[in-house]
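Let me begin by presenting the structure, written as structure tokens, before commenting on it.
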Amino acid sequence: MNIIPTTYFYVFIVLISFSINAQEKKDWFSFFGEIPKTVDTHYYQDLKNTEDFLQKIKIIDTIATIHIQAGNTDSILYYGNLLKNEILAEKNEYSFRDLYLSKSYNILGKGKLEKGLYDDAMKHHLEGIAISPISKMGSMHYRHQLGLGLVYLHQKEYTTAQSIFEKCIKETRDNSVLIIAKKHLADTYFFKQDATKAKSIYLDVLDGLRIYENNKIRLETQLKLGRINVFENNLDHALIYFRSVKELALQNHFYDLYIDAVIRMGIVYYNQGHLETAEMVLSSAYVNSVQWNKLELQRDVIMVLKDLKVADKDYENAYNLMTQYLSISNQILTNQNKEIVKEMEVKYQTLQKEKEILSLKEEQLLKESEIKRQRTIKKAFLIGFLVVLLPVIALLFVYFQKLKTQIELNKSQKEVNSQRVYGLIKNQELNLVKATMDGQNIERTRLARELHDSIGGNLASIKLQLSSHTNANEKIQSKILNQIDETYHQVRDLSHNLASKKFHLIHIQKKRSMK
Numbered sequence: 008m009n010i011i012p013t014t015y016f017y018v019f020i021v022l023i024s025f026s027i028n029a030q031e032k033k034d035w036f037s038f039f040g041e042i043p044k045t046v047d048t049h050y051y052q053d054l055k056n057t058e059d060f061l062q063k064i065k066i067i068d069t070i071a072t073i074h075i076q077a078g079n080t081d082s083i084l085y086y087g088n089l090l091k092n093e094i095l096a097e098k099n100e101y102s103f104r105d106l107y108l109s110k111s112y113n114i115l116g117k118g119k120l121e122k123g124l125y126d127d128a129m130k131h132h133l134e135g136i137a138i139s140p141i142s143k144m145g146s147m148h149y150r151h152q153l154g155l156g157l158v159y160l161h162q163k164e165y166t167t168a169q170s171i172f173e174k175c176i177k178e179t180r181d182n183s184v185l186i187i188a189k190k191h192l193a194d195t196y197f198f199k200q201d202a203t204k205a206k207s208i209y210l211d212v213l214d215g216l217r218i219y220e221n222n223k224i225r226l227e228t229q230l231k232l233g234r235i236n237v238f239e240n241n242l243d244h245a246l247i248y249f250r251s252v253k254e255l256a257l258q259n260h261f262y263d264l265y266i267d268a269v270i271r272m273g274i275v276y277y278n279q280g281h282l283e284t285a286e287m288v289l290s291s292a293y294v295n296s297v298q299w300n301k302l303e304l305q306r307d308v309i310m311v312l313k314d315l316k317v318a319d320k321d322y323e324n325a326y327n328l329m330t331q332y333l334s335i336s337n338q339i340l341t342n343q344n345k346e347i348v349k350e351m352e353v354k355y356q357t358l359q360k361e362k363e364i365l366s367l368k369e370e371q372l373l374k375e376s377e378i379k380r381q382r383t384i385k386k387a388f389l390i391g392f393l394v395v396l397l398p399v400i401a402l403l404f405v406y407f408q409k410l411k412t413q414i415e416l417n418k419s420q421k422e423v424n425s426q427r428v429y430g431l432i433k434n435q436e437l438n439l440v441k442a443t444m445d446g447q448n449i450e451r452t453r454l455a456r457e458l459h460d461s462i463g464g465n466l467a468s469i470k471l472q473l474s475s476h477t478n479a480n481e482k483i484q485s486k487i488l489n490q491i492d493e494t495y496h497q498v499r500d501l502s503h504n505l506a507s508k509k510f511h512l513i514h515i516q517k518k519r520s521m522k
């Protein structure tokens, strides 16, 4: 028998009378012919057109957050990887780089957890913790801690998960992180089947949220409180919670919560004995989970539908549903294996790329080493050249200094010689002048002597002779004597003028000695 067509035929038959019974119960349920668009088109347009790096990663982060709220697992992983790759590909260092890289790891961790790939989810959250120190990114650090705790919670390691959530509650200063940590701690007690403790914390979480804030945490908390009411057999209260969650989840585009709430409503109808209504409600949830490719939800719905068929003693359809359950379980396992293989393939490709990068780096290092060697040789040659050149320059400097000194010395010597020659010339001129003067003085002395001795003597003699003749006319005699005396004095003055002062002094001294 072809199982899948049989199942869809079964669902189609069930849905024929669904609207009538749903009207009687005053409940409505939505069927999605296609996956609803949860992201506004303008985000994709802005992402395509923007060239600003910060603006781009902000848009990617926003789109990823919207898909997380809607529960679109594949889109969560796609945009988480896109955000991470954009950041790692950016060469420029930005102050916000580590923050958005940490956010990408948180998105990937959530996506991997939804896929059931717990090891990968843990790896991404540990990577996020490593780059999100409390001192710089306290909020992101504790969000990764919470993600790590959720991985342990899904792996049923309740003690480890509980210790992480309690630590976050004790240490965090971020109120939103505190609320989430409390909610996850309540989940831990819920899965440990400590309904009383879980309910107390869930109610505390609701008190901590704003009254009119219909966020996903509030709806998840209400969904858990409804399930606790199912455990306590308060089915009417449980149905109130589930209806509220179903309506608000659809309004806020939390489609994963919508499907989960519908499933829980089907279970309540089943427990109330409304088997036909329960079957129709669960069938609607199954259709939506198929459309959304929520394999785990499909498996959960089929298991409840199988129990309904067993209760109705419809063993053939129960068998078909059980076969479908096993098929979906195998598909989940196959998908997980495919994801693991894909991850391994990505890791292998990454390793190959890293090897290529290492090879390029080695080649680059060799080139750099060769360039460095060439530079070293050039430096050594330059240093050697300078070692030879500097002494030569020093010698040339000394030589030029010496030459300069010699030139200065020669110049000085030349000046000295010039001065000496000039002095000799001056001395010679002086000697010549002296000789000329001496000659002139001698000649003057001689003329003076002759004037004084001969002419002067003759005039004196004439004067004496004239004086001795008394008979001469006294008047004529006196006149002649006066003329002779005047001539004598003139000759004497002339001889004195011709003779040098030195000669005059010598002559006086001679006269004095003769006396």
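Here the sequence shown stands for residues 8 to 522, where the numbers follow our numbering. Backbone N, C-alpha and C fix where the C-beta goes; we use that ideal spot for every residue, glycine too.
For residue i and residue j, I'd like the C-alpha separation in whole angstroms.
i	j	result
Leu-133	Thr-167	15 Å
Leu-263	Gln-371	This sequence places Asp at residue 263; Leu is not what is there. Whole-angstrom Cα-Cα distance: 51 Å.
Val-399	Glu-415	24 Å
Leu-393	Ser-376	25 Å
Ile-11	Tyr-149	Annotation note: pLDDT 40 at Ile-11 (below 50); position unreliable, no value reported.
Glu-369	Pro-140	33 Å
Thr-443	Arg-499	24 Å
Tyr-276	Leu-246	9 Å
Ala-71	Asn-240	38 Å
Lys-433	Asn-417	23 Å
Thr-452	Ala-467	20 Å
Val-428	Tyr-495	51 Å
Thr-80	Lys-374	47 Å
His-131	Arg-217	31 Å
Asn-92	Leu-282	50 Å
Gly-118	Ile-384	57 Å
Ile-487	Asn-448	34 Å
Val-288	Ala-188	33 Å
Is residue i helix, strand or coil when you go by DSSP?
i	result
Gln-426	helix
Tyr-167	Inspection of the sequence shows that residue 167 is occupied by Thr rather than by Tyr. Three-state DSSP puts Thr-167 in a helix.
Phe-261	coil
Gly-78	coil
Tyr-101	coil
Asp-201	coil
Ile-400	helix
Tyr-15	Unreliable positioning characterises Tyr-15 in this predicted model, as indicated by a pLDDT of 44, which lies under 50. The coordinate reading is nonetheless provided below. The answer is helix: DSSP assigns Tyr-15 an H, G or I state.
Thr-48	helix
Asp-181	coil
Glu-58	coil
Gln-162	coil
Leu-328	helix
Ser-468	helix
Leu-216	coil
Ser-139	coil
Asp-127	helix
Asp-529	For residue 529 there is no data in the structure shown, the boundaries of the chain being 8 and 522.
Lys-320	coil
For residue i, is the classification buried or exposed, using 16 other Cβ atoms within 10 angstroms of its Cβ as the cut-off for buried?
i	result
Ser-425	exposed
Ile-270	buried
Asn-278	exposed
Tyr-196	buried
Thr-203	exposed
Glu-450	exposed
Phe-249	buried
His-191	buried
Lys-441	exposed
Gly-280	exposed
Arg-382	exposed
Arg-225	buried
Tyr-322	exposed
Gln-229	buried
Asn-236	buried
Phe-407	exposed
Gln-169	buried
Leu-90	buried
Asn-182	exposed
Lys-206	buried
Leu-402	exposed
Using a Cβ-based criterion (distance less than 6 Å to any ligand heavy atom), does residue i qualify as near the ligand GDP?
i	result
Gly-391	Ligands displayed in this structure: none; no statement on the ligand GDP is therefore possible.
ask   = Of all the alpha helix (DSSP H) runs that stay within the bounds of the region 220-296, which reach a length of 4 or more residues?
value = Within the region 220-296, the runs of alpha helix (DSSP H) at least 4 residues long that lie entirely inside it are, in chain order, 223-238, 242-258, 262-279.
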